[in-house]
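Note that the numbering used here has the sequence shown beginning at 21, numbered continuously upward.
All C-beta atoms in this analysis are idealised placements derived from N, C-alpha and C, irrespective of residue type, glycine included.
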Amino acid sequence: MVKLYLTPSTRAGRVAWLLEELEMDYELEILPFTKEGLKSPEHRARHALGRVPVIEDGEVSIFESGAIIQYILDKYDHKGLKPSVDSDNYPYYLQWFHYCEGMVMPPMNQIVVQTVLLPPERRDETVLNQAMNLLSKSLYPVNQFLENKDYLIGDFSAADCMLGHSCYMANRFGSVSDEMGNIKKYVKNIESRPAFQKAIQLGNDNSDPLG
Ligand SMILES: N[C@@H](CCC(=O)N[C@@H](CS)C(=O)NCC(=O)O)C(=O)O
């Protein structure tokens, strides 16, 4: 059985969301977002940087949310959450799957560092504003592509577990402006999915993952 190491309100939610969509049985270990939780020798043995998500599956122990999602889809019944290689949607599925960590998350990471992780006296408003600006620019093509679509490639897919989760986080950080109406609608579609609702509440005492 797959075991997921998850810290609430992090990218680990992507993997939990996929597992819930696939209705898979899985074991869950919640690691708090603290030095004791993430940087313990036990967790550093799973991920040298002490990060999440990590999964174990028998002898396999892997990290990187995108790799984990691809592994689960390839190893278990993907229930149509990835298009076949000869489908017209496949190149776009791949593109948005990877655009998430490649383009959207770098500025998002910086925003989290500048607003949550650094102590107030070490935060830098210029760096924060640059990151907000870059995040907005990175979301622009996503907003364009979502025109007349409920999900990235039309039907719901694992690319939404990656990039949709980031759009949800960006919206929670106030980085999705009213001009990005397609993303706003997309985030509402995501929030209405029971599997998503369940995944983002894991390990949270309340239903507000950023609260
Ligand atoms: N590219 C990695 C990023 C992993 C990552 O940075 N995870 C964050 C949570 S969203 C983390 O564990 N941070 C803990 C820390 O920075 O100490 C992935 O997609 O899994």
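Verify the contact flag: residue i, CB atom, against every heavy atom of ligand 1, threshold strictly below 7 Å.
i	result
S60	no
F165	no
V72	yes
F117	no
S85	yes
R142	no
T54	no
T27	yes
E121	yes
Once you ignore the five residues that flank residue i on each side, which residues in its own chain have a CB closer than 8 Å to its CB?
i	result
N191	I203, K204, V207
G122	none
Which partner residues of residue i appear in the DSSP bridge assignment?
i	result
L48	L24
E76	K23, S81
I173	D175
Just to check my reading of the structure: residue i and residue j have Cβ atoms closer than 8 Å, yes? What is that Cβ distance to the nearest angstrom?
i	j	result
N209	Y160	Rounded, the Cβ-Cβ distance is 19 Å, inconsistent with contact.
I89	L137	With 8 Å as the limit, I89 and L137 do not qualify as a contact, their Cβ atoms being about 25 Å apart.
P103	Y113	5 Å
L101	A178	5 Å
F193	I131	6 Å
What is the rounded straight-line gap between the Cα of residue i and the Cα of residue j?
i	j	result
C181	I173	12 Å
A65	E199	45 Å
Y188	Y96	26 Å
E43	K169	25 Å
M21	Y119	30 Å
Excluding the 5 residues preceding and the 5 following residue i in the sequence, name in chain order all residues of the same chain whose CB lies nearer than 6 Å to its CB.
i	result
V74	Y25, R66, H67, F83
Quick one: residues in its chain with C-beta nearer than 7 Å to the C-beta of residue i, no 5 flanking neighbours on either side, listed in chain order?
i	result
A36	L24, L26, A219, L222
L48	L24, L26, L222
M125	S186
I'd like to confirm something about residue i: is its beta-carbon nearer than 7 Å to some heavy atom of ligand 2, or not?
i	result
R31	Looking for ligand 2 in the displayed structure turns up nothing; the ligands present are ligand 1.
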